[in-house]
Structures are given as C-alpha cells and as structure tokens.
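Data block below; observations after.
Residue numbers (our numbering), protein chains in the order written: chain A, 1 to 625; chain B, 626 to 725; chain C, 726 to 897.
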C-alpha cells in the first residue's frame, strides 16, 4: 500500500475503532486515536509532498485496487498527488488535525464523545478521497461521503428535531447539486472515455472533444459545486448547518468540505479554459453570492450565523477568482480562508464555551480582558478576513480583486465594483462582530458573567497556531507555487496601469470597514440602534435572508408534499397496491368458499367423484399409451 | 373373443356394477354388499390372469383378498350397527355430519 | 348332438355361469329389500365359484363358497334379520345421484374395457390348465410366507375390534 493510500486509510481506521469500540474504551483512548491518526496522516502527507518536490514535481500516482472493469475500461481506486492536491491534502490534514485536538477540549463533557470522533474521522477519510482521488469517480465517492458525514455531524444532537432537520436540509440540498455533477460526469465519460482527471485535462488540452461543449460540462459540474459550496441558489443549507457543534462548523463548513467545489473547478481547469460561457456563469454567481451573503451578514445577531454568511460570501470570492481564470488565486484564498475562518469559528466556540452556551452577540460584551487569548486570536483573524496587511487575507483578497478586474478571461469593471463593495461590507460586519462581542459593557446575565473563563489549552493552543498561520500564511505565495500547473490568466493591457492603485484601494476598504464599525458599534452599538428605525423595511428583508427559504418552501416544498400525499399515498399506495393485495386475498377467500360447497358430507357424491377420477386416470393413460 | 377377454369383460362389468351400487343405493347394508361385489369382480380378474399366466401369484393374492374381505366385514358391520343405534336410520342421506 | 354339446360343455357352462353372475349383480342394484339383495349376491358368488372351478382352480372355488358365502354372507344375513323393515331406508331405494351414477357407470365400463381389451396375448408357454393345491401351498410357504403371517395379524386385529365393539355396545 503506497503512502497516499495510507494517508486516506488512517482516518478510516479511526472511524472504525472509535465507532465500534469507542464507548467501551474510554475518552482518553478515543482522544488519542481520534486525534492521533489525523496527525499521522498529516505527517505522511508532509513527507509525500516533500518527496514530490524533490522529484521535480512529477505527479505521484498510487493505485489502491481496481473497482470494476466495464466494457474493457477499468475503474480504479487510485490516488494522485501533484502540486494542487499537495496543497489541499496539507490543509485538510493539517487544519483537520488541529480541529481534532480542539475537539478534545470542546466536546469533553459530551456523552457521545466517541461517536463524535468517529464521525469526524469518517469525514476526514472521505475528504481525503475527494482531494487525492485521481478519477472523478473516486472524487464523487468522497463528495457524497463528506455530504453524509456533514449530515451526521450537523444533526449530531439529533434528539433536537430542529438540529436533525438542519442535517436533512444540508443533505438534500447537496443532492440537488449532485444531479448536475453526475450529468457532467456522464458527458465527460462519453467525450473522453475515461474519468481520470489528469487524462481528461490532457484530452481537453488538445482541443474540445467532439460531441460535447466545454461550457455545458462546465455548467453541469458547477451546479454540483453550487450545492457543495453553498452558492446561490443552493446556499440555504449552510446557515442552518450551524446547528452542529462548533468544531464541525469550523472543519466542515469553513475550512474543508465547502471548498470542495472550488477544488473541483480548479482541478478541471483544463475544461474551464475552453468554456467562456461557463466561466462567466461561475464568476457571476460567485460575485453575486458574495455580495448578497455579505448584506445578510450585516444584521445577523448569532455569532455563528455571522460567520456562516461570511463563509458563503468568501466562497463567492473564490468562485469569482476561478471564474476569471485565476485558479491558483482561488486556491490561495481557500488556504488563507481555512486559516482565519477556522480560527474565527474555533474562537467563537471558545466564546460560547466561556458564555455557558450563549450565542447571541447582543448579550455579550466586554469579554476582551476576561478571555484574552481568545480575544487576541479572534482579533487577528478578523483583521485577516478584512484584508488588512500584512496578514494573509490581504494578499489573497487583493489578488482576487485584481484579477476580477484585470483578467483577460472575463475580468471587468462591474465585477470589481461588486467585489469591492463586498470587501467593504466584510470588513464592516466582521469588526461589528468583534466590537459587540468583546468590547462595550457586559450585557449578559450575572449568572453567566460569573462563569466566564478562558478555555483549556487544548482549545487555546489551537487558536494560537491558527492565528499565527492566519497572520503569516500570506507570505507563502501559493499562486506562484501552483503556476506550473495552473497558469495565471493574462492581464488586459488597459487594466495594467490600475494594479498599483488597486492595492491601496483594497487596504482602504479594510481600514474603512474597521473605522465604520468602530463608529457605529462602540458603546454597545448605540449609534447603530439610533439608525435602525429609518431602515426598518431593509432590515427586515436582510434579517429574513431575502425570504429565500420561504420561497423554496412555497414553490417546491408544498407542491411536493401535496403530490406525495394526494397522488402517491392515496392513489398509488392505498388504492393500487393495498387494493390489489386486498382483492387478491378476497379472491382467494371467495374461491375457497365456493370450492367448499363440494364437501356435502354425502358419501354418494364422494364415491361418484372417485369414479370420475378413475375414469379420468384411465382415459389419460389410454391416451398417452 | 376368446375366453380371457370374455372373463375380463365380465370382471370389469361386475366391478362397475358394484361401484354403481355404492353410488346409487341408499341403504347402508346394501352399499356394503355392493362393495363385496366389487371385491369379487377383482377376484375374478386375478384368477383369470393367474390362469392365463400359469403363475401361483394370482391365486395367492385371491386368497389374501378373501382374508381381508372377511376381516373387513367383521369390523364394518358392527360399526354400521353402532351408527344405526346412534342415528336410528340406515339411510345414508341422514349421515351428513361432515358437511362443509 | 349330445356329443357336440358335451365337447363344448366348458364354454357353455362358462357362458351360463357368467350370465348368471352378471344377472345377480344387476339384480342387486334393482331389488328393494335387503334380504333379496343378499340372496342375489349369494347367487353371484356361487356362479363365480363355478367359474373358478371351470378354470381349474378348484381350491379357490371351494374357498369362495366356504368363506365368502359361508361366513361373510351369513353374517350379512344375520344383520339384515336384525333390522326393522319399516326403516325408511328400505322404502326409498335410490340416492339423488342415480343419473350421474349411471352415466359414470357407462363411462367406466368403456374406459376399463378399452384399457384391458388389448391384454389378450396367447397363454405363456408354461401355462398349465389350472394348477393344483400343492403348487399353491408351496408358493405360500416359500415366497409369500410374510403375507401369510401378516394376514394372521390382520385377523387378530379384527377380533380385537369385534370384541371392543361388543364392549362398547354393552356399555352404551
């Protein structure tokens, strides 16, 4: 078994051990196995990446086994390591291990401790299948598997029906997207005769194969990405997914699973460079999602909801970059986002832990001095997401803004305008969050206030590591690292002059957001509250998330329920199926009743029947010799 | 028609008449006697075959049938008597307890 | 002429006995009183005994008369004597299935005759005109001794049954 297979299999072992025997073996065992195996995966991954770079970055292919052979074409479970999957696997295992360590502290008092770690390891296994898979088939297995793990973990406290419903919503919304993904896969197999992604890219490098258009495939694959990465119109599940435990939100819905869609587009860049229409769809939906999610985040009052909409918005940025051909930049933002968003979510978890479970930011305040480590790491990550230099978020966001305008593959002014407005709002609502949570006067109950305490080292240690990465991660230029594989698009000549000023504008947006937030939300948001009545209708629209959930329910949910009830239940099930079975039984009963009339109890009749039988037997034997 | 055919035809006729009697007559005792007639018809056919083949098997079987018929009658008639004591009638139409 | 008759005596007697047996059987169906039916049956049995004798199996003929007529039919007659002639069963002769019965009878005759008519090969090479008691006894003691013993078991069972019936009768 090659190193790549080991990377994937170790978390699976963790799932099996913790899942089957975890409850019996005690929390310490579960923690060691549950966190240790991902760390082992990370170390093997690091070694493999080092080996890759030492060997001139020739892709490493590790075939585990052949799944099936169909019409002479084999479908193998094979793993593929090149620069792109190297970046992804290090993020998944690295940030994943950190979050596992965090969970040992956060979930310590939960009674289903072993089940939690089993599911987390299961998720890691599927995510690694996704990023290391060579063929779209393996990727799809991982894709579905992370959806499953997400469902299990969102609905982790399943006794609460709302949380269980949130898990269901996530899974079903994903599946809608997967229909598009599957169609895209079928078309690719039809066009290229294989599902191996490196071979597909090589085929498309020589021109689009006959019978398919690159844009059609691109759009279909993107529909799948919309579901998984929570873009419009399938974004509705991500905010509800905050019902799960906070480490789950950090790992799955910030750092790794939701970036699978971006990874897919980047990996299939060989197709997208030929698909102008599909790429413009990707960029447009990306920037619109970013904009609208940011507007909703402005008015959210639950600390995790703000971060959830922020994630949707940042994912929109990543797709914007991918849509204009800057795939390396999109992956760069995936990496920096993983650092600071994970840090933010885990910090929120630390705050919730300190506040004995309170999540409403209107009831927080003045926590900076009481939980200093959490505050410091949260502040650093907030600055990073706002794009303040020299933190990592500044570098990646600046590149995105630049290519949104300057790329010759679809960059334009209006993309830049929307993206910039979103960046401004991002800085604003993030600093709003920071101010309301950590500054001002304490707005919580006395009971809660007395229990405020800093989190244990298993949690704060991870926060510190992530904050350092969020601060320094930008200096490792991933677009440059990925350039041999994912070349950056050419810049439009008329945009070239704008490069320098754009950097200053980006910084200005970040600082501007900070100042505005400080102005409105210092002093417990007094000035914002004064402003609120004049914007009441707009506020209601944003708080209601543009009423999209209600729209889906009215257009899709209720008609489907009606059809299920009236057509399938009443007619199909009761009338047709039950009716046919009942009438078969009734038929048997009635015929038995008629036949029993033969039993008259009269011996004469029986003797006559014996005679008839004898005659019949004789006639038959006479006929047949 | 040679002798064997004629005798076999006779045996068949006697057997069929016996069976007809079982179906047609109402009196229990008469029905019993018709069953004896059926046995006789069978005996005749066995003797005919024994005569034709020259084997002793046919005669042996006829003798065994005698024994069985005797034992059967010895038990059947007391049963009939008991039944008649119960129902008070020899008419088969009265015995419909197994109906349904 | 007597000589011609005597030469064909076998066939003639066979014919007479056969018609007699058949006639007795037919009468059995038609007669009303059970005693008369019993008499018809006795006559049929005696005629059949005659046929056995003509075929050369004298001991079987003897057994026919001894056992069948002498034991079985006598028993039958005793029982008939015990019955009340005013029993309605004696008044009405036929069941409701008279017509279907007769139709079935005709079919049965047809089917059986069709089945057995082909069976008329020449007698086997070693066929004897009748065979003796000695052959019969030897066969019983050599090959068919098991059946012989089993019949004794059957008779014991019949005796036990008869005794039981007597007891039941007495108790009831």
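Idealized CB from N, CA, C, for every residue including glycine.
- Relative to residue 822 of chain C, the option among A:75, A:80 and A:600 whose CA is nearest is A:600.
- Your pair residue 635 of chain B and residue 747 of chain C checks out as a contact, with CB atoms roughly 7 Å apart and the cut at 8 Å.
- The stretch 262-269 of chain A makes no contact with the stretch 290-309 of chain A: fewer than 3 CB pairs, one atom from each, lie closer than 8 Å.
- Burial state of residue 704 of chain B is exposed, judged by a 10 Å Cβ sphere holding fewer than 16 other Cβ atoms.
- For residue 237 of chain A, the enclosing alpha helix (DSSP H) stretches over residues 237-240.
- With fewer than 16 other Cβ atoms inside 10 Å of its own Cβ, residue 65 of chain A counts as exposed.
- Look at residue 381 of chain A here: in three-state DSSP terms it is helix.
- In this chain, the alpha helix (DSSP H) harbouring residue 447 of chain A covers 446-450.
- Going by C-alpha positions, residue 735 of chain C is about 7 Å away from residue 779 of chain C.
- According to DSSP, residue pairing for residue 650 of chain B in a beta bridge involves C:819.
- Within the stretch 142-209 of chain A, the alpha helix (DSSP H) runs of at least 4 residues that lie entirely inside it are, in chain order, 161-192 and 197-205.
- For residue 753 of chain C, the chain B residues whose Cβ falls inside 9 Å of its Cβ are 642, 643, 646, 650, 655, 658, 659 and 662, in order along the chain.
- Residue environment for residue 163 of chain A: buried (at least 16 other C-beta atoms within 10 angstroms of its C-beta).
- For residue 608 of chain A, the chain B residues whose Cβ falls inside 8 Å of its Cβ are 648, in order along the chain.
- Within the stretch 629-691 of chain B, the complete alpha helix (DSSP H) runs of at least 4 residues fall at 653-678.
- Nearest in C-alpha terms to residue 137 of chain A, of all of A:108, A:176, A:172 and A:200, is A:200.
- In the displayed model, residue 409 of chain A falls within coil according to three-state DSSP, outside both helix and strand.
- With a contact defined as Cβ atoms closer than 8 Å, residue 230 of chain A and residue 153 of chain A miss out at about 16 Å.
- Nearest to residue 219 of chain A by C-alpha distance, out of A:281, A:592, A:434 and A:606, is A:281.
- For residue 73 of chain A, the pairing in a beta bridge is given by DSSP as A:70.
- Annotation: the stretch 261-309 of chain A contains the following complete segments of the alpha helix (DSSP H) (minimum length 4 residues), in chain order: 269-272 and 276-297.
- Contact annotation: residue 651 of chain B and residue 722 of chain B have beta-carbon atoms that are not nearer than 8 Å.
- Contact of residue 820 of chain C with chain A by beta-carbon distance below 7 Å involves 604.
- DSSP places residue 354 of chain A in the helix class (H, G or I) of the three-state scheme.
- In this structure, DSSP gives residue 61 of chain A an extended state, which the three-state scheme calls strand.
- Contacts between residue 762 of chain C and chain B, judged by CB atoms closer than 7 Å, involve 655 and 658 in chain order.
- Residue 728 of chain C sits in a helix when the DSSP states are folded into three classes.
- Between residue 750 of chain C and residue 667 of chain B, the CB-CB gap reaches or exceeds 8 Å.
- Residue nearest to residue 340 of chain A within the set A:565, A:209 and A:91 is A:91 (criterion: CA-CA distance).
- Excluding its 5 nearest sequence neighbours in each direction, residue 632 of chain B has C-beta neighbours in its own chain below 6 Å: 673, listed in chain order.
- Contacts with chain B at 8 Å (Cβ-Cβ) include residue 601 of chain A.
- Residue 169 of chain A has its alpha-carbon roughly 20 Å from the corresponding atom of residue 310 of chain A.
- The three-state reading of DSSP puts residue 133 of chain A in strand, counting E and B together.
- Exposure of residue 566 of chain A is indicated by the presence of fewer than 16 other C-beta atoms within 10 angstroms of its C-beta.
- Here residue 877 of chain C is exposed, its C-beta having fewer than 16 other C-beta atoms within 10 Å.
- For residue 695 of chain B, the chain C residues whose C-beta falls within less than 7 Å of its own C-beta are 792, 796 and 797, listed in chain order.
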